[in-house]
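Undergrad: In the numbering used here, the protein residues as written are 75 to 364.
See the structure below:
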């Protein structure tokens with residue numbers, strides 16, 4: 075079976091409703107070939123996205139409503155307009171656009187690959203969000219300022235070059251502690267295995283109780299750089315966070331003993347978070363309300 079069809083059959087918003095999933099998949103496969111180029115998509119809560127064939131980091135949102143359902147629903151239920159969301163490894167901007175376009179939150183987004191950064195900027199502009207409430211940083215994030223070698227042309231899989239791997243470009247590096255004057259409520263870190271370095275440059279940030287929640291990708295890619303992701307997991311627990319999964323339909327945080335297979339939520343000040351999640355406005359996506 076085509077991997078995208080397998081993904082759609084198991085997606086929480088589409089499970090048991092193939093009459094919604096398959097026509098969307100087939101329409102996009104045909105339309106993107108018959109008329110190549112990017113198309114504007116009215117997404118969630120008034121947010122908009124540019125879509126184009128090959129932009130897998132965005133087209134999953136068209137197919138399934140919310141590509142990474144639990145984590146994106148957590149963001150939608152948590153954020154309010156005065157909150158600050160920081161997106162490390164923003165790529166083409168799915169999470170940034172949800173935070174800014176659907177929830178009106180303030181955002182800071184880090185994306186080092188120039189071609190990807192330009193598309194991230196276009197997605198924010200599409201949401202009339204290219205303003206002082208949406209700061210874009212054309213840099214990688216690490217443990218210390220400097221320069222890193224990066225891949226390019228790999229869509230959502232661009233990454234810091236592994237030892238011995240050819241790299242397409244050199245990019246500047248900033249640290250979160252130096253770049254963020256204000257602590258965000260929610261921080262997402264998805265940098266294809268380089269997460270340990272990001273948090274090494276965020277000691278002050280992690281110690282600030284105003285940072286209530288993290289969305290972190292810990293899926294084993296850190297081994298390629300020599301990092302122990304379970305050690306990073308333990309560091310986040312020591313900073314007062316608790317590993318969780320989120321059930322958007324019940325609006326419940328569920329404790330985890332280990333990182334999840336893809337992204338993991340790390341939460342602290344659970345009474346604050348639970349109240350935010352409980353009182354958030356309902357969201358309807360592809361006919362499902364949560």
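Think of the CB as a built atom: it goes at the ideal place given N, C-alpha and C, for glycine as much as any other residue.
What you are looking at is a predicted structure, and each value in this text was computed from that prediction instead of being measured.
Do you know how far the Cα of residue 103 is from the Cα of residue 251?
TA: Residue numbering aside, residue 251 sits at position 177 when the chain shown is read from its first letter. Residue numbering aside, residue 103 sits at position 29 when the chain shown is read from its first letter. Distance between the alpha carbons of residue 251 and residue 103: 43 Å.
Undergrad: Does the distance from the C-beta atom of residue 108 to that of residue 132 stay below 8 Å?
TA: The residue you call residue 108 lines up with position 34 of the chain shown. The residue you call residue 132 lines up with position 58 of the chain shown. Against a cut-off of 8 Å, the Cβ pair of residue 132 and residue 108 comes out as no contact.
Undergrad: Pick out whichever of 237, 111, 134, 205 has its Cα sitting closest to the Cα of residue 83.
TA: Looking up residue 83 in the chain shown gives position 9. Of 237, 111, 134, 205, the residue nearest in Cα terms is 134.
Undergrad: Exposed or buried, what is residue 221 when buried is set at 16 or more other beta-carbons lying within 10 Å of its beta-carbon?
TA: Position 147 of the chain shown holds residue 221. It is exposed - the Cβ of residue 221 has fewer than 16 other Cβ atoms within 10 Å.
Undergrad: Three or more C-beta pairs closer than 8 Å, one from the segment 134-149 and one from the segment 317-335: is that the case here?
TA: Contact between the segment 134-149 and the segment 317-335 is present, because at least three Cβ pairs lie under 8 Å.
Undergrad: With a threshold of 8 Å between beta carbons, is residue 297 in contact with chain D?
TA: The structure shown contains no chain D, having only a single protein chain.
Undergrad: When the Cα atoms are used, what is the spatial distance from residue 366 to residue 87?
TA: Because the chain is modelled from 75 through 364, residue 366 falls outside the range shown and cannot be assessed.
Undergrad: I'd like the ranges of any alpha helix (DSSP H) spanning at least 4 consecutive residues and lying wholly in the segment 134-174.
TA: Qualifying alpha helix (DSSP H) stretches, in chain order: 143-152, 168-171.
Undergrad: Have a look at 257, 354, 225 and flag the residue whose alpha-carbon is nearest the alpha-carbon of residue 244.
TA: The residue given as residue 244 occupies position 170 in the chain shown. When each option's Cα is compared against that of residue 244, the closest is 225.
Undergrad: In three-state terms, what does DSSP make of residue 101?
TA: Along the chain shown, one-based indexing puts residue 101 at 27. Residue 101 falls in the helix class under three-state DSSP.
Undergrad: So the alpha helix (DSSP H) residue 264 belongs to, where does it begin and stop?
TA: Taking the chain shown and counting its residues from 1, one reaches residue 264 at position 190. Residue 264 -> no alpha helix (DSSP H), and no H or E assigned at all.
Undergrad: Check residue 177 in the structure and name its three-state DSSP category.
TA: In the chain shown, counting from the first residue as 1, residue 177 sits at position 103. It is coil, neither helix nor strand.
Undergrad: With contact counted as at least three CB pairs below 8 Å, one residue from each stretch, are the segment 247-265 and the segment 157-172 in contact?
TA: At 8 Å Cβ cutoff, the stretches touch.
Undergrad: So, are the CB atoms of residue 286 and residue 343 less than 8 Å apart?
TA: The residue you call residue 286 lines up with position 212 of the chain shown. The residue you call residue 343 lines up with position 269 of the chain shown. Yes.
Undergrad: What separation, rounded to the nearest whole angstrom, lies between the Cα atoms of residue 248 and residue 338?
TA: Here the question's residue 248 lines up with position 174 in the chain shown. Here the question's residue 338 lines up with position 264 in the chain shown. Rounded to the nearest angstrom, the two C-alpha atoms are 24 Å apart.
Undergrad: With DSSP run on the structure shown, which of helix, strand or coil describes residue 287?
TA: Taking the chain shown and counting its residues from 1, the one referred to as residue 287 is at position 213. It is a strand residue.
Undergrad: Who does residue 337 pair with in a DSSP beta bridge?
TA: As a first step, residue 337 is located in the chain shown; it is residue number 263 there, counting from the start. According to DSSP, residue 337 bridges with 291.
Undergrad: Please report the straight-line C-alpha distance between residue 154 and residue 201, rounded to a whole angstrom.
TA: Along the chain shown, one-based indexing puts residue 154 at 80. Along the chain shown, one-based indexing puts residue 201 at 127. Going from the Cα of residue 154 to the Cα of residue 201 covers about 17 Å.
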